[in-house]
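One structure below.
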Amino acid sequence: MQQKKLPIDYTMLFLIGCLVIFGLFAIYSGSGQYASHDPTTYIKRQIMFFGISLIVMAVIAYFDFELLERWTLVFYILGIIMLLMVPFSPLGVGRNGAERWINLKYIELQPSEFMKIFLVLHISTILAKAGKYRLSFRESIPITLKIGAYTAIPLFLILKQPDLGTALMIIFTVFALIFTSSISLKMVMTLITMGLTGIGTLVYLYFNHFEIFTKIIADHQLARILGWLDPTAHSSGYSYQTQQALLGIGAGQLTGSGFTQGFQVQSGRVPEAQTDFIFAVIGEEFGFIGTSLLVILFFLLIYRIITIAFHANSLFGVYICIGIIGLFAFQIFQNIGMTLGLMPVTGLALPFVSYGGSSLLTNMMAIGLVTSVHLRTKEYMFSNDETIR
Amino acid sequence: MADKNKKRAQLPVRLNILFLFVFLLFSLLILQLGVVQILNGEEARERVNQTENTRASIAVPRGLMYDRYGKLLLDNEPERSITYTPPKNGDTASKRLELAEKLAGMLTMSDDFEELESMVKERDMKEYWLVKGKKHLKEAEDRLTNEDKELTSGEQYQKMLDYITEEDYNIYDWDDPDLLNVVAIKKELDQAYELSPHTIKNEGVTETEYALISENLAQLPGIDAKIDWNRVSLYGSTFATFLGSITSSDRGIPKEYQDYYLSLGYSRNDRVGISGLEQQYESFLRGQKEVIQYTTNNNGDIIGSETVIEGKSGNDLILTVDIEFQQEVDQIVLDELKKYISQNPSENKYMEDAIVAVLDPKTGDVLALSAAHYDRKENEYVIQPHRVIYDAHIPGSAIKGATMLTGYQTGVVAPGTYILDRPIKIAGTPTKSSWRTMGSINDLKAIEQSSNVYMFEIAMRIAGATYRENEPLRNFNSEGFQIMRNYFNQFGLGSKTGIDLPFEETGAVGSNVQDGGLLLDFAIGQYDTYTTLQLAQYVSTIANDGYRIRPRIVKEIRQANGNKESLGPVLESYGPEVLNRIDMDEHLIKRVQDGFRQVATNGTGSGHWASNPYNVAVKTGTAQNHFYVNGVQQQTNNLTLVGYAPYDEPEIAFAVVVPKAGIGNNHSGIHHNIGNRLINTYFEMKEARDKAGIDENAIDDMANNIDEND
Numbered sequence: 003m004q005q006k007k008l009p010i011d012y013t014m015l016f017l018i019g020c021l022v023i024f025g026l027f028a029i030y031s032g033s034g035q036y037a038s039h040d041p042t043t044y045i046k047r048q049i050m051f052f053g054i055s056l057i058v059m060a061v062i063a064y065f066d067f068e069l070l071e072r073w074t075l076v077f078y079i080l081g082i083i084m085l086l087m088v089p090f091s092p093l094g095v096g097r098n099g100a101e102r103w104i105n106l107k108y109i110e111l112q113p114s115e116f117m118k119i120f121l122v123l124h125i126s127t128i129l130a131k132a133g134k135y136r137l138s139f140r141e142s143i144p145i146t147l148k149i150g151a152y153t154a155i156p157l158f159l160i161l162k163q164p165d166l167g168t169a170l171m172i173i174f175t176v177f178a179l180i181f182t183s184s185i186s187l188k189m190v191m192t193l194i195t196m197g198l199t200g201i202g203t204l205v206y207l208y209f210n211h212f213e214i215f216t217k218i219i220a221d222h223q224l225a226r227i228l229g230w231l232d233p234t235a236h237s238s239g240y241s242y243q244t245q246q247a248l249l250g251i252g253a254g255q256l257t258g259s260g261f262t263q264g265f266q267v268q269s270g271r272v273p274e275a276q277t278d279f280i281f282a283v284i285g286e287e288f289g290f291i292g293t294s295l296l297v298i299l300f301f302l303l304i305y306r307i308i309t310i311a312f313h314a315n316s317l318f319g320v321y322i323c324i325g326i327i328g329l330f331a332f333q334i335f336q337n338i339g340m341t342l343g344l345m346p347v348t349g350l351a352l353p354f355v356s357y358g359g360s361s362l363l364t365n366m367m368a369i370g371l372v373t374s375v376h377l378r379t380k381e382y383m384f385s386n387d388e389t390i391r
Numbered sequence: 057m058a059d060k061n062k063k064r065a066q067l068p069v070r071l072n073i074l075f076l077f078v079f080l081l082f083s084l085l086i087l088q089l090g091v092v093q094i095l096n097g098e099e100a101r102e103r104v105n106q107t108e109n110t111r112a113s114i115a116v117p118r119g120l121m122y123d124r125y126g127k128l129l130l131d132n133e134p135e136r137s138i139t140y141t142p143p144k145n146g147d148t149a150s151k152r153l154e155l156a157e158k159l160a161g162m163l164t165m166s167d168d169f170e171e172l173e174s175m176v177k178e179r180d181m182k183e184y185w186l187v188k189g190k191k192h193l194k195e196a197e198d199r200l201t202n203e204d205k206e207l208t209s210g211e212q213y214q215k216m217l218d219y220i221t222e223e224d225y226n227i228y229d230w231d232d233p234d235l236l237n238v239v240a241i242k243k244e245l246d247q248a249y250e251l252s253p254h255t256i257k258n259e260g261v262t263e264t265e266y267a268l269i270s271e272n273l274a275q276l277p278g279i280d281a282k283i284d285w286n287r288v289s290l291y292g293s294t295f296a297t298f299l300g301s302i303t304s305s306d307r308g309i310p311k312e313y314q315d316y317y318l319s320l321g322y323s324r325n326d327r328v329g330i331s332g333l334e335q336q337y338e339s340f341l342r343g344q345k346e347v348i349q350y351t352t353n354n355n356g357d358i359i360g361s362e363t364v365i366e367g368k369s370g371n372d373l374i375l376t377v378d379i380e381f382q383q384e385v386d387q388i389v390l391d392e393l394k395k396y397i398s399q400n401p402s403e404n405k406y407m408e409d410a411i412v413a414v415l416d417p418k419t420g421d422v423l424a425l426s427a428a429h430y431d432r433k434e435n436e437y438v439i440q441p442h443r444v445i446y447d448a449h450i451p452g453s454a455i456k457g458a459t460m461l462t463g464y465q466t467g468v469v470a471p472g473t474y475i476l477d478r479p480i481k482i483a484g485t486p487t488k489s490s491w492r493t494m495g496s497i498n499d500l501k502a503i504e505q506s507s508n509v510y511m512f513e514i515a516m517r518i519a520g521a522t523y524r525e526n527e528p529l530r531n532f533n534s535e536g537f538q539i540m541r542n543y544f545n546q547f548g549l550g551s552k553t554g555i556d557l558p559f560e561e562t563g564a565v566g567s568n569v570q571d572g573g574l575l576l577d578f579a580i581g582q583y584d585t586y587t588t589l590q591l592a593q594y595v596s597t598i599a600n601d602g603y604r605i606r607p608r609i610v611k612e613i614r615q616a617n618g619n620k621e622s623l624g625p626v627l628e629s630y631g632p633e634v635l636n637r638i639d640m641d642e643h644l645i646k647r648v649q650d651g652f653r654q655v656a657t658n659g660t661g662s663g664h665w666a667s668n669p670y671n672v673a674v675k676t677g678t679a680q681n682h683f684y685v686n687g688v689q690q691q692t693n694n695l696t697l698v699g700y701a702p703y704d705e706p707e708i709a710f711a712v713v714v715p716k717a718g719i720g721n722n723h724s725g726i727h728h729n730i731g732n733r734l735i736n737t738y739f740e741m742k743e744a745r746d747k748a749g750i751d752e753n754a755i756d757d758m759a760n761n762i763d764e765n766d
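Chains F and S, in that order, give the protein sequences. My numbering puts the first residue of the first sequence at 3, with every later residue one more than the last. My numbering puts the first residue of the second sequence at 57, with every later residue one more than the last.
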C-alpha cells in the first residue's frame, strides 16, 4: 500500500490571493483614496494584516490539527470568557450602538470572530466522537442537546451585543454540521420544524402581540427587516443607503464604470464602502464581469474546501472543513445578498475582501485549519474501507 | 456488509447535498446580479446619470404708485440676503471653513471691529483651531482619556473643545478683522441644517457684496444671494389704507385663495396684495419674476443655467389722488373733529367720526377720501379713511335731490307744483313735519328750505296712498319702496359705486313692509343707510347732468422703467366711465341743480355758504340718529352735506358725513366747516398750481423727460 503526503493546496492559496488583491483595489477606490494624509494608508494596513494573517495561517497549517481535538473545550471556554469581557470588563468597546470589541491597548479584538471558530472546533469534536455511523433518533437526542447547549451560550452573548449577523452565521453553521453528521434525519427534520415554528411564532407575535415581539427583536433590527421587505415604504437611513448601493451596482452594468470611477461610491452615497458594502464598489466599478468573477472565486474556494473534506481521513477534520464551509458560505451569501437586497442588512464583512484586521485574521485561521486537514490527509493509491467513503 | 455500507454512505451524500445547497445559493447570487446589472442596469445607469432641472425664480420689484402730479407715494426698498443651504447629510467642517474663507473675500459680516469681535466667541476660536490646522484634530483626539472615549460622539467633541487651551488658538491673530470675519461667517454656516436655507446676512448687504456673490455662485456650493423688496409708503399713513398691503414672504399667498394664485403661476411664498390697490391691481403690480433654470447632476452640482423667463418689474400706478390735497383734507377733518369734541364734550359725547369723499364729478377721479376717528378708549384721534367706503349712515335730507327727481320722473310732481307744507298726522304714527311749517311751497322752495312734507307727499303719491288727517294711510302700496329705490340706485344710493377697490359697502336696506310711515322716512333719508362715497357719487351725478361716473383711484398704468424720477410708457389709461345716465330729463336735473344752488345762497346752507367765493351748490342733511345706551334713549344727529363747485361748471363734488353729533349744535355746523375748508383749500391749491405752472401734464412731462434724456 503506497502512501503519499499531499502538498500544500496552492489552488486555494491562489484563490485567496486573488480575493485579497480584488479587495485591495476596492478598498482603495471605496475609501482609501479619501484618507486625509495618505491615500495608501488603508492599503498598507490591509497588506500588513494579510502578512500577519498569513503567518498565523502557516503556523496553524503545520500544526497537527488532530492534537487540537483534546483542547477544543479549552478554546471554547476561552472564547466564552472573551465574549463575557465585552459587557463585563472595562476593556469592552462600543461603536454604532453595538458593543462587540475588546480593547487590548494596541489592537481591538472582536471576540465573536474567534468564538465562531472555537465553536466549530468544539462541535466537530463532539460529532467526531459520535462516530461515522448513522445514529437512531433516540441516540441522536443527547448529542443534539449537547450541541444545542454549547451553541446557545455564545449565541445568547452575541445576540446581546447585538450582532444578528454573526448569530445567524453560527446557527447556519451549526445546522450544516448537524445535517452532515451521523445524527438521524428525523432529528434534522425536527430541528427544521422547530426553527420554522420559531419564525412562525415571531410573525404571529408581530401581528398579534407586538409588545412581546419588541422584547425579542430590537427596534433597529425590525427597521432593517422591514426596510428589506419593502425598501420603498421604509426609506429609513438604512434602506436609503442600501438602495443607493443597489443603484450603483446596477449602474455598473456589464463592464463597470472603471476603477475609482463609480459615481455612487465616489459621491459618498454608499455607506461603509471599504468594509460591509465593499461589494457595491466592485459591482459599480467592475460591473457584472467583476462581480460574477468574484462569486466564482468564492465558489471555487468552497469547492476546494469540500474536496479537502471529501478526501480527509479524519472525521474531526471533515467536520472542521464543513463548519468552515458553513461560516464562509453564509457570510458570503449574507454580505452579497444584503447589498443586492436579497437579505436584510447586518454587519458581516465579505471574507478576504473587506478591510479589517480581525476578520482577515480569523478567516485566515480558518484556512490554516483547512490546510492542516489537507496536509494530514494521506492519499491511498487504493481505496480503503477505512476512509470515510 | 451491505448494511454497513448503507450506513457509511450517509456523510458523503449529505456533504454533496450541502455542496449542492451552496451551489444553489451562489447561483442565486449570480442570477440576482444578472437581474440587477444586466436586466435593470441600463435603467440604474440612467438614474445615476440623471440630471435634474431646477427652476429658481428671482423676485422683481413691485410696481410703484404715484399721485396725479407724479409724486411718488409707494416705493420699494431692496432687502438683500445671503443664505446657505447645506447638502443632504451636511458639509464637513473643513468644507465649511473653506467655504467661509471664500465667502469672506466677498462679504463682510460687520465693518465695525468691535461688533465683529463680539460675534466670535471662545468656542468659535477653538473650533477654528481644530479645523484649520491639519494635525490639530489628531492632537485634540490624542488628548482624550480612555474614559472620554466611552462618551457619545457629541460629548467627546465637547471634551475635545474643553481641552483646547488659549495657547492653542492664540497661534492665530485674533486682532485681524479678516480672520474674525471668516470665523463669524463659518459660525453662521455651522448653524445651518441640511437642505434648509439659513440666512448668513440679511441686514446691510451692500450692492457690491450682493453682485460679487451672485456672480460667483458656481464656486460657492450651497450659497445663494436673494433679493426681496419691502414696500415703503412715503407719505406715512396718508391714504395708506387705500394703497393697501401685501403679505410677507413668510405668509406667502393667502391660504384661502391658494388654488387661485397657484393657477396663475405664483409660488407659495410669493407676496401678494391683500387689500386696497395692492390687491385690486395685483396683476399689474406683481410684474414677471425672472426664472432661471439650473441643471444639476445627481451630486447636486450645478452644471449649467439658463434664463427661461426674462424678469420684468411690476407696472407703476398713477393715481387720481392729489396727495397734497389729500393731506390737507386729512388735516381738516382731524382739526374739525377735535375742535367740536373738545369744545363741547358733553354735547358731542357720541361724536366719533368725520368722513369726507371728494370726487371730480366729470371724470370720477377720486381727489381725496378721508375720515378722522376719535378713539374714545385710547383718547386719540386717528385717520381711518376706510370709513369712506366701509361705514354707512342714514343721511337725512341730503338725498332730497334724488327724491325730487324721482317725483318728477314718476309724474307725481312737476317743476312748479305747489304742495301745502303742514304737519302730517297719520293715525298710529307720530306727527311728521318739516323743521318749520312752510305753507304752500313749490319744488324749488322745497329743496331750498329742505321741506320734509313735500317729500312725504311725493312718497305717498308714488305709493298711491290716500292721506286724511288723523286717519290711517289708505291704499298704501308697498311697491313704492321698490319704485323709489330703483331711482335712488341710479344715483349710486344703495348700489355699488364701482370704485376700483376690492371691497365697498353698499349700505343697509330697510324692509319693504306695509307701513307708509317708513316710506315717508325713506323719502327724507331716514330709513336706508349709505356710505359717504355713495353720497359723493349721488351729488356728482346731479352735478354731472345725470351721468353717473365710476369713481376711480387709478388713472393710468405705466410700464416700469427702473427709474423713480421718470415714468415709462402708458400701458393702460382709464378714461371716465359712465355707469349709467339717470332716466330723468335734463331740464328736470337742472331744476334740482338750481335748488341746490339756492340752498347755498338763500336756503338752509346760506348761513355757511353765502359768502363762499367759489359758487358752491350744496344740500344739507340732519338725520335723527337715536339709539339706546343702557336702556336709555340717546338722541343724536347725523350731519351730512353734499355739494359741488362751481355750480355752473362743476369740477369738484364732495360729501361730508359726521354721525352722532349732539342735537343742539346742528347749526354750528362741523359739516359746513369741513365743506367750506375743503372747497377753499381745493381752489387755493389750484390757483397756486396754475401760477406755478403745474398741471396734470406733469405726468406726461416726466415720461417725456426720459425720451429726451435717452
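Yeah, the Cβ is synthetic: ideal placement off N, Cα and C, and Gly gets one too. The structure presented is a predicted model; accordingly, all values stated were derived computationally and were not measured.
Below-8 angstroms beta-carbon distance, residue 100(S) vs any chain F residue: Interface residue, yes.
With a cut-off of 8 angstroms, do at least 3 Cβ pairs link the segment 267–274 of chain S to the segment 171–183 of chain S? The segment 267–274 of chain S vs the segment 171–183 of chain S: no contact.
Run through DSSP, which three-state label would residue 771(S) get? The shown model of chain S, from 57 to 766, leaves out residue 771(S), and the question about it has no answer.
Cβ-Cβ distance between residue 550(S) and residue 536(S) below 8 angstroms: In this structure, residue 536(S) does not lie closer than 8 angstroms to residue 550(S) by Cβ.
State the DSSP-derived secondary structure class of residue 139(S), mapped to helix, strand or coil. Strand, per DSSP.
Sort 249(F), 274(F), 316(F) by Cα distance to residue 285(F) and report the nearest one. Residue 285(F) has its Cα closest to that of 249(F), out of 249(F), 274(F), 316(F).
Measuring alpha carbon to alpha carbon, tell me which residue in 494(S), 525(S), 541(S) is nearest residue 515(S). Out of 494(S), 525(S), 541(S), 541(S) has the C-alpha closest to the C-alpha of residue 515(S).
Nearest-angstrom Cα distance between residue 225(F) and residue 163(F)? One C-alpha to the other measures close to 17 angstroms.
Same chain, Cβ closer than 7 angstroms to residue 87(S), five either side skipped, listed in chain order: Excluding residues within five positions, none has a Cβ falling inside 7 angstroms.
C-alpha gap between residue 575(S) and residue 127(S), whole angstroms: Using only the alpha carbons, I get a separation of about 48 angstroms.
Among 68(F), 313(F), 291(F), 129(F), nearest to residue 144(F) - alpha-carbon criterion: Looking at the Cα atoms, 129(F) is the closest of the given residues.
Beta-carbon proximity check, residue 48(F) vs residue 171(F), cutoff 8 angstroms: For the 8 angstroms CB-CB criterion, residue 48(F) and residue 171(F) do not form a contact.
Roughly how many whole angstroms lie between the Cα atoms of residue 191(S) and residue 197(S)? Going from the Cα of residue 191(S) to the Cα of residue 197(S) covers about 10 angstroms.
Does DSSP put residue 215(F) in a helix, a strand or coil? If DSSP states are grouped into helix, strand and coil, residue 215(F) belongs with the helices.
Quick one: which unbroken alpha helix (DSSP H) runs of 4-plus residues sit fully inside the segment 273–345 of chain S? Chain order, please. If we require 4 residues or more, the alpha helix (DSSP H) runs fully inside the segment 273–345 of chain S come out as 296–299, 314–319, 332–336, 338–341.
Out of 330(S), 213(S), 380(S), 485(S), which one is the CA nearest neighbour of residue 739(S)? Nearest C-alpha to residue 739(S): 380(S).
Under the three-state reduction of DSSP, which class applies to residue 124(F): helix, strand or coil? Residue 124(F): helix per DSSP, three-state reduction.
Ranges of the alpha helix (DSSP H) found wholly within the segment 86–116 of chain S, counting only runs of at least 4: Positions of the alpha helix (DSSP H) runs, each at least 4 residues long and wholly inside the segment 86–116 of chain S, are given as 97–105 in order along the chain.
Close Cβ partners of residue 235(S) (< 7 angstroms) along its chain, the five nearest in sequence each way excluded: Taking residue 235(S) as the centre and dropping the five residues before and after it, the same chain places the C-beta of 228, 229 closer than 7 angstroms to its C-beta, in chain order.
Can you tell me whether residue 258(F) is buried or exposed? The criterion is at least 16 other CB atoms within 10 Å of its CB, across all chains shown. Sixteen is the threshold: when 16 or more other Cβ atoms of the shown chains lie within 10 Å of the Cβ of residue 258(F), as they do, the residue is buried.
Mapping DSSP to helix, strand and coil, what is residue 476(S)? Residue 476(S): strand per DSSP, three-state reduction.
For a contact meaning CB atoms closer than 7 angstroms, what does residue 294(F) contact in chain S? The answer, in chain order, is 86, 89.
Buried or exposed (CB count within 10 angstroms, at least 16 for buried), residue 73(F): Residue 73(F) is classed as exposed because its beta carbon has fewer than 16 other beta carbons within 10 Å across all chains shown.
Residues of its chain near residue 20(F), where Cβ-Cβ distance is below 8 angstroms and the 5 sequence neighbours each way are ignored: Scanning its chain for C-beta atoms nearer than 8 angstroms, with the 5 sequence neighbours on each side dropped, one finds around residue 20(F) the residues 299, in chain order.
Closer than 7 angstroms by beta-carbon distance: list the chain F residues that pair up with residue 278(S), in chain order. Correct list: empty, because the minimum Cβ distance to chain F is about 16 angstroms.
Suppose contacts are defined by Cβ-Cβ distances below 8 angstroms. Is residue 119(F) in contact with residue 364(F) by that definition? Taking 8 angstroms as the cut-off, the Cβ atoms of residue 119(F) and residue 364(F) count as close.
Which whole runs of the alpha helix (DSSP H) in the segment 55–131 of chain F are 4 residues long or more, in chain order? The qualifying runs are 67–70, 74–90, 113–131.
Would you mind telling me which residues of chain B sit closer than 9 angstroms to residue 103(S), beta carbon to beta carbon, in chain order? Note that chain B does not occur in the displayed structure, where the protein chains are F and S.
Against residue 354(F), what residues of chain S qualify as contacts under a CB-to-CB distance less than 8 angstroms, listed in chain order? None at all; the shortest Cβ gap to chain S is about 16 angstroms.
Nearest to residue 105(S) by alpha carbon, out of 89(F), 123(F), 263(F)? Ranking the options by Cα distance to residue 105(S), first place goes to 263(F).
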